[in-house]
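Undergrad: The structure under discussion is supplied below as structure tokens; questions concerning it will follow.
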Amino acid sequence: MPPAWEAGYAGRRALVTGGAGFIGSHVARRLVQLGATVTIVDALIPDCGGNLFNIADLREQVHLRIADLRDREAIEDLVCDPDFVFNLAGQVSHIDSMIRPVDDLELNCVAHISLLEACRRRNPGVRIVYAGTRQAYGRPRYLPVDERHPRIPTDINGINKMAGEAYHLLYHRLHGMRATSLRLTNTFGPGLLIRHPRQGFLSVFLRRVLDDEPIRVYGDGSQLRDLNYVDDVVAAFLAVAADDATVGEALNLGADPPLSLRQVAELMIEIAGSGRVERVPFPDDLKRIDIGSYYGDFARIRAAVGWQPQVPVAEGLRRTLAYYRRNARHYIAGDEVEP
305 MPPAWEAGYA GRRALVTGGA GFIGSHVARR LVQLGATVTI VDALIPDCGG NLFNIADLRE
365 QVHLRIADLR DREAIEDLVC DPDFVFNLAG QVSHIDSMIR PVDDLELNCV AHISLLEACR
425 RRNPGVRIVY AGTRQAYGRP RYLPVDERHP RIPTDINGIN KMAGEAYHLL YHRLHGMRAT
485 SLRLTNTFGP GLLIRHPRQG FLSVFLRRVL DDEPIRVYGD GSQLRDLNYV DDVVAAFLAV
545 AADDATVGEA LNLGADPPLS LRQVAELMIE IAGSGRVERV PFPDDLKRID IGSYYGDFAR
605 IRAAVGWQPQ VPVAEGLRRT LAYYRRNARH YIAGDEVEP
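Just so we're on the same page, the working numbering is the position in the sequence shown counted from 1, plus 304.
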């Protein structure tokens, strides 16, 4: 039996920011399947993950606007009508944030204040779900990490994403806006950016397996991570948006059991039939921002809306690798569909 929240999207209007990106495109696709009228807005900023191939199958079923959230006039026009805003725009590379911290501030703070102000002025009753991150916690003091854990990010991106979440929750407290933040962990699946190695270990591992190159595991590879397949993450966004029980809250996603980085690498290699593991020392620049082991406690979202992961990691990796075997040129060579 499908979850009850699925029936709540037919005939409704949704805006998906960052909708040509990895997770945003999957959110948009699921909304279309459920009968919603969907508008996608994406600035297509280089190296941030926006890729028009992600929505090539949706182009006749959605409204696409290529615009920047910092463009006040464009955004005010877009936020007037939707019942829901799924806010997945932003810059997620920890490495890039340390190289270009002001750019990260613009994309992860200024852009979101612009969106929230537009909603406050033009559509204050809209339901907003923001894509937060477990990176806000920094190095765990205990495991699993629950929402009460101190938030001490280890890099610029973590600080700015934490601020982005705080703006959404502040607008709830001050202006009554119905905002929720989901603190995502390691999401994977078709459409994940793999062109460059600066968006997390899963992108790097996938690219190396596809190229039949060694997966370099730093240290002994025992660091633990929880992984969510993208379909499960989409279900979390839609379940939360359809229920006001979590308004004003920030909730962890997660998975059980966590896997070590070495286990993830070995599982990918087994499924793909290519690649190999190579242990290497931690580079100094990455060691400074590494968080060690992390896995989250997601009991609060499970209690609130009944969410928990459904797709096992191995099955998710099979789907992901099969997708890139068919479509790698659209993610590696830059052979994208034109606007």
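Glycine included, each C-beta is placed from N, C-alpha and C at the ideal position.
Taking D450 and N556 to be in contact with their CB atoms under 8 Å, please state how far apart those CB atoms are, rounded to whole angstroms.
TA: Looking up residue 450 in the sequence shown gives position 146. Looking up residue 556 in the sequence shown gives position 252. About 7 Å; that satisfies the 8 Å criterion.
Undergrad: Could you tell me if Q527 is buried or exposed, where buried requires 16 or more neighbouring beta carbons within 10 angstroms of its beta carbon?
TA: Taking the sequence shown and counting its residues from 1, the one referred to as residue 527 is at position 223. Buried, by the Cβ-count rule.
Undergrad: Under a three-way DSSP split, which group does A321 fall into?
TA: On the sequence shown, position 17 is the one that residue 321 refers to. The sequence given here has Thr at residue 321, not Ala. Reduced to three states, the DSSP call for T321 is strand.
Undergrad: For the putative contact between G328 and L392, defined by C-beta atoms under 8 Å, what is the C-beta separation to the nearest angstrom?
TA: Counting from one through the sequence shown, the residue named residue 328 turns up at place 24. Counting from one through the sequence shown, the residue named residue 392 turns up at place 88. At roughly 4 Å, the Cβ-Cβ gap stays under 8 Å, so G328 and L392 are in contact.
Undergrad: According to DSSP, simplified to helix, strand and coil, what is E640?
TA: Translated into positions along the sequence shown, residue 640 becomes position 336. With a pLDDT of 45 at E640, under the threshold of 50, the modelled position of that residue is not reliable, and the figure given next carries that caveat. DSSP places E640 in coil when its eight states are reduced to three.
Undergrad: If you draw a straight line from the alpha carbon of R363 to that of Y446, how long is it in whole angstroms?
TA: On the sequence shown, residue 363 is found 59 positions in, with the first residue counted as 1. On the sequence shown, residue 446 is found 142 positions in, with the first residue counted as 1. Distance between the alpha carbons of R363 and Y446 is about 45 Å.
Undergrad: Output the boundary residues of the alpha helix (DSSP H) element that contains S397.
TA: Taking the first residue of the sequence shown as position 1, residue 397 is located at position 93. From DSSP, S397 is part of no alpha helix (DSSP H); its letter is neither H nor E.
Undergrad: Taking the CB atoms as reference points, tell me whether A435 and L486 lie closer together than 8 Å.
TA: The residue you call residue 435 lines up with position 131 of the sequence shown. The residue you call residue 486 lines up with position 182 of the sequence shown. Yes. Within cutoff.
Undergrad: In angstroms with no decimal places, state the Cα-to-Cα distance between N427 and G462.
TA: Position 123 of the sequence shown, counted from the start, is the residue given in the question as residue 427. Position 158 of the sequence shown, counted from the start, is the residue given in the question as residue 462. For N427 and G462, the distance between alpha carbons rounds to 29 Å.
Undergrad: From the DSSP secondary-structure annotation, give me the bridge partner or partners of L555.
TA: Locating residue 555 in the sequence shown gives position 251, counting from the first residue. Answer by DSSP bridge pairing, in chain order: L486.
Undergrad: From this set, V406, V568, T550, which residue's C-alpha is nearest E619's C-alpha?
TA: Looking up residue 619 in the sequence shown gives position 315. Looking at the Cα atoms, V568 is the closest of the given residues.
Undergrad: Which residue from T437, A470, P501, N532 puts its Cα closest to that of P494?
TA: Numbered from 1 along the sequence shown, position 190 holds the residue referred to as residue 494. Of the candidates T437, A470, P501, N532, the one whose C-alpha sits nearest the C-alpha of P494 is N532.
Undergrad: Is it the case that the Cβ atoms of E517 and G579 are separated by a distance below 8 Å?
TA: What you label residue 517 is simply residue 213 of the sequence shown in a count that begins at 1. What you label residue 579 is simply residue 275 of the sequence shown in a count that begins at 1. A contact, by the Cβ cut-off of 8 Å.
Undergrad: Just verifying my parser: in three-state terms, what is the DSSP assignment at A347?
TA: In the sequence shown, the residue the question calls residue 347 occupies position 43. In this structure, A347 counts as coil in the three-state DSSP scheme.
Undergrad: Just curious, the beta strand (DSSP E) that Y533 is in, first and last residue?
TA: Position 229 of the sequence shown holds residue 533. Y533 -> beta strand (DSSP E) spans 531 to 533.
Undergrad: Rounding to the nearest angstrom, what Cα-Cα distance links R511 and I498 in this structure?
TA: Your numbering for residue 511 matches position 207 in the sequence shown. Your numbering for residue 498 matches position 194 in the sequence shown. In a straight line, the C-alpha of R511 is about 6 Å away from that of I498.
Undergrad: Let me check understanding here. Comparing Cα to Cα, which of V396, N355, D601, R477 lies closest to R452?
TA: The residue labelled residue 452 in the question sits at position 148 within the sequence shown. Closest option to R452, Cα to Cα, is D601.
Undergrad: Go ahead and label Q395 buried or exposed: buried means 16 or more other beta carbons lie within 10 angstroms of its beta carbon, across all protein chains shown.
TA: Translated into the one-based positions of the sequence shown, residue 395 becomes position 91. Looking at its Cβ environment, which holds 16 or more other Cβ atoms inside 10 Å, Q395 is buried.
Undergrad: Closer than 8 Å is the cut-off here; do at least three beta carbon pairs connect the stretch 468 to 482 with the stretch 610 to 628?
TA: No: fewer than three Cβ pairs fall under 8 Å.
Undergrad: Where does E364 sit, in a helix, a strand or coil, going by DSSP?
TA: Within the sequence shown, the letter at position 60 stands for residue 364. Three-state DSSP puts E364 in coil, outside helix and strand.
Undergrad: Would you decide whether M466 is buried or exposed? Buried here means 16 or more other CB atoms lie within 10 Å of its CB.
TA: Along the sequence shown, read from residue 1 onward, the residue named residue 466 stands at position 162. Buried, by the Cβ-count rule.
Undergrad: In the DSSP assignment, find the alpha helix (DSSP H) that holds T624 and state where it starts and stops.
TA: If you number the sequence shown from 1, residue 624 lands on position 320. Its alpha helix (DSSP H) spans residues 617 to 631.
Undergrad: Suppose contacts are defined by Cβ-Cβ distances below 8 Å. Is D459 in contact with I593 by that definition?
TA: What you label residue 459 is simply residue 155 of the sequence shown in a count that begins at 1. What you label residue 593 is simply residue 289 of the sequence shown in a count that begins at 1. Going by C-beta atoms, D459 is nearer than 8 Å to I593.
Undergrad: Give the straight-line distance between the Cα atoms of D387 and E310, rounded to the nearest whole angstrom.
TA: Here residue 387 refers to the residue found at position 83 of the sequence shown. Here residue 310 refers to the residue found at position 6 of the sequence shown. Their backbone Cα atoms lie some 15 Å apart in a straight line.
Undergrad: Taking the C-alpha atoms as reference points, what is the distance between F509 and E380?
TA: Within the sequence shown, residue 509 is the residue found at index 205, counting from 1. Within the sequence shown, residue 380 is the residue found at index 76, counting from 1. Their Cα atoms are separated by approximately 40 Å.
Undergrad: DSSP state of I379, grouped into three classes?
TA: Looking up residue 379 in the sequence shown gives position 75. Residue state, collapsed to three classes: helix.
Undergrad: Identify whether Y522 lies in helix, strand or coil by the three-state DSSP scheme.
TA: In the sequence shown, residue 522 corresponds to position 218, counting from 1. Correct three-state label for Y522: strand.
Undergrad: Closer than 7 Å by C-beta to T491: which residues in its own chain qualify, once you throw out the five before and the five after it? Chain order, please.
TA: In the sequence shown, residue 491 corresponds to position 187, counting from 1. Answer for T491: I327, N532, V534, V537, listed in chain order.
Undergrad: To which residues of the same chain is H476 closer than 6 Å at the C-beta, ignoring the five residues directly before and after it?
TA: Your numbering for residue 476 matches position 172 in the sequence shown. Once the five neighbours on either side are set aside, the close Cβ partners of H476 are A483, G552.
Undergrad: When burial is assigned at 16 or more other CB atoms within 10 Å of the CB, is I595 buried or exposed?
TA: Counting from 1 along the sequence shown, the entry for residue 595 is found at position 291. Its Cβ being crowded by 16 or more others within 10 Å, I595 is buried.
Undergrad: Applying the 10 Å Cβ sphere with the 16-neighbour rule, what's the burial state of E469?
TA: Stepping through the sequence shown from its first residue, residue 469 is reached at position 165. Flag for E469 reads buried.
Undergrad: Closest to A554 by C-alpha separation, out of H398, G354, D385, V544, would be which residue?
TA: Working through the sequence shown from its first residue, we reach residue 554 at position 250. Measuring from the Cα of A554, the nearest candidate turns out to be V544.
Undergrad: Please say whether G322 and D351 have beta carbons closer to each other than 8 Å?
TA: Counting from 1 along the sequence shown, the entry for residue 351 is found at position 47. Counting from 1 along the sequence shown, the entry for residue 322 is found at position 18. Their beta carbons are not under 8 Å apart, which means D351 does not touch G322 by this criterion.
Undergrad: D560: which of A549, R529, R404 sits nearest, CA to CA?
TA: The residue you call residue 560 lines up with position 256 of the sequence shown. Per the Cα distances, R529.
Undergrad: Which whole-angstrom value describes the C-beta separation of V581 and I573, a residue pair presumed to lie in contact below a C-beta threshold of 8 Å?
TA: On the sequence shown, position 277 is the one that residue 581 refers to. On the sequence shown, position 269 is the one that residue 573 refers to. Their Cβ separation, rounded to whole angstroms, is 7 Å, which keeps V581 and I573 in contact under 8 Å.
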